[in-house]
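Numbering (the numbering used here), first residue to last: 929 to 1236.
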């Protein structure tokens, strides 16, 4: 740090650029900060501010404010095409990515209605496809050296996330619609090279139908509206379920189906009974502790009397 006293801003900036090429971002940031405090080229100082913002963003890609800061800096100065490490970055293209990153993060972090959130993500996906298309994303190239991440790929990822969000929301009111959304998400995951296994499992579960063993109500959406409860089904009970479109037990006859209202009613009653016995046990235990304590005190008193 002492040697920095004898260097001007341009020298410190060049050292920072070299450190970025070596992925030593923390030391590079320090050099760029020192650049701003020394005499030197205004262009390099402007680039130093941009580099600091880029390094900060690379350390926290989920921070919307960082992208807005970069966007503001790009609007204040004509950077043209600049280098970040081994990447050559056109400022106008990076400006577009910052705008889309903000739109994407606002969509994925949205905490309101699931359909509205899904639509926001689909809108962001359309922007990635229209504004960037098959061009590699500069942020991914700068921070990870990844040139395979394109606007089109990001659009597919956002679409998959959108349909997953809408599927997990829709299943509560319309299991079939939820299954359709998860099917679409699965297809999109496959298009980007993912297995999509979770989406496929969810799609099959949402589409599966069963009849409650207790109340006989038919319902779709396993794991959401009905569950399989371990209970072997044999003999006449098993035969009674054969040939039916909607079954009351699993294919292996090792579980019965229960709708969530029936399951919750039984679970709640079981909890009440358990709590009752627990309270009784605690009451009896405390009574026993009181008797033991009284007996101990009696023995202690007897010992004291004998010693006297």
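All C-beta atoms, glycine included, are put in the ideal place defined by N, C-alpha and C.
Given the structure is predicted, the values throughout are model-derived calculations rather than measurements.
Taking all protein chains shown into account, decide if residue i is buried (16 or more other Cβ within 10 angstroms of its Cβ) or exposed.
i: residue 965; result: exposed
i: residue 1066; result: buried
i: residue 1095; result: buried
i: residue 1022; result: buried
i: residue 1014; result: exposed
i: residue 1057; result: buried
i: residue 1092; result: buried
i: residue 948; result: buried
i: residue 1205; result: exposed
i: residue 894; result: In this structure the chain extends from 929 to 1236, so residue 894 is not present and cannot be described.
i: residue 1100; result: exposed
i: residue 1187; result: buried
i: residue 1107; result: buried
Rounded to whole angstroms, what's the CA-CA distance from residue i to residue j? Just pull it up for me.
i: residue 1167; j: residue 1130; result: 29 Å
i: residue 1181; j: residue 1203; result: 32 Å
i: residue 1075; j: residue 1042; result: 32 Å
i: residue 1059; j: residue 1026; result: 12 Å
i: residue 1146; j: residue 1111; result: 23 Å
i: residue 1038; j: residue 1006; result: 33 Å
i: residue 977; j: residue 1189; result: 59 Å
i: residue 1016; j: residue 952; result: 18 Å
i: residue 1164; j: residue 1197; result: 29 Å
i: residue 1105; j: residue 961; result: 54 Å
i: residue 1102; j: residue 997; result: 42 Å
i: residue 1127; j: residue 1052; result: 21 Å
i: residue 1132; j: residue 1200; result: 35 Å
By Cβ distance below 6 Å, which residues in the same chain neighbour residue i in space, the five residues on each side in sequence not counted?
i: residue 1062; result: 1078 and 1080
i: residue 935; result: none
i: residue 1090; result: 1046, 1049 and 1050
i: residue 994; result: 984 and 985
i: residue 1002; result: 1019 and 1023
i: residue 959; result: 940, 943 and 944
i: residue 1072; result: none
i: residue 1119; result: 1084
Identify, in the order they occur along the chain, each residue of the same chain with its Cβ nearer than 7 Å to the Cβ of residue i, setting aside the five sequence neighbours on each side.
i: residue 1088; result: 1113, 1116 and 1117
Under the DSSP definition of a beta bridge, which residues are partnered with residue i?
i: residue 1156; result: 1185
i: residue 1069; result: For residue 1069, which the question treats as bridged, DSSP gives no partner whatsoever.
i: residue 1015; result: 1012
i: residue 1146; result: 1139
i: residue 1177; result: 1184
i: residue 1103; result: Per DSSP, none; premise fails for residue 1103.
i: residue 1078; result: 1064
Could you give the C-beta distance for residue i and residue j, rounded to a whole number, given that I count them as a contact under 8 Å?
i: residue 1000; j: residue 1009; result: Contact doesn't hold; Cβ gap of about 19 Å is too wide.
i: residue 1084; j: residue 1049; result: 12 Å between Cβ atoms; not a contact.
i: residue 1028; j: residue 990; result: Not a contact, Cβ separation roughly 15 Å.
i: residue 890; j: residue 1156; result: Any answer about residue 890 is impossible in this case: the structure gives the chain only from 929 up to 1236.
i: residue 1184; j: residue 1176; result: 6 Å
i: residue 938; j: residue 969; result: 5 Å
Looking only at its own chain, which residues have a Cβ that is under 8 Å from the Cβ of residue i, when we skip the five neighbours before and after it?
i: residue 1123; result: 1117
If you measure from the CB of residue i, is any heavy atom of the ligand ADP nearer than 6 Å?
i: residue 1043; result: In terms of ligand content, the structure shown is empty, and the ligand ADP therefore cannot be addressed.
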